[in-house]
Amino acid sequence: MKLKFVLFGAALLALTSFSNPTLSSKYITITKKASVIYQATDGEKLIAKSDCVGCHKIDKKLIGPSYLDIAKKYPLNDKNVAYLSGKIIKGGSGVWGAVPMSAHGSIKKEDAKSMAKYILSLKK
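Just so we're on the same page, the numbering used here is the position in the sequence shown counted from 1, plus 74.
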């Protein structure tokens, strides 16, 4: 029985001695680089903290249109950012159907602009 453990230990030691330490460090490097590549924008963070996610999704219509549908309809420019940030703050209805969007009066104008810029940047 002890001989089996010794042989198993020797085999395990032999197998681990063939591992390439630089290969495992490459995986670590890739992981670190990948985590730096994507950083959430301010607008995306604000949307995630708000009640927007109850009615909107990135690629699916819920109560309101998807963010991708909004981005397809409105090109990213100052006029549309101002328009949509106003809609976020004041609410509205009739553009995407009969269901009105509730007002979000507590959202600051600059935050609403960041949210609108993020949404319009999703256009593919």
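Think of the CB as a built atom: it goes at the ideal place given N, C-alpha and C, for glycine as much as any other residue.
All of these numbers come straight from a predicted model, not from anything done at the bench.
Secondary structure of K135 (DSSP, three-state): strand. M189: member of the alpha helix (DSSP H) spanning K183 to L194, first to last residue. Fewer than three pairs of CB atoms, one per stretch, sit closer than 8 Å, so the stretch 124-136 makes no contact with the stretch 154-161.
At the C-beta level, I181 and I163 come within 8 Å of one another. Counting only the Cα atoms, G117 lies some 14 Å from L150. Residue I132 holds the alpha-carbon nearest to the alpha-carbon of K197 among A114, T115, I132 and K119. Counted as a single uninterrupted DSSP element, the alpha helix (DSSP H) harbouring N154 occupies residues D152 to K164. Here K183 is exposed. Its C-beta has fewer than 16 other C-beta atoms within 10 Å. Taking a 10 Å sphere around the C-beta of A172, we find fewer than 16 other C-beta atoms and assign the residue as exposed.
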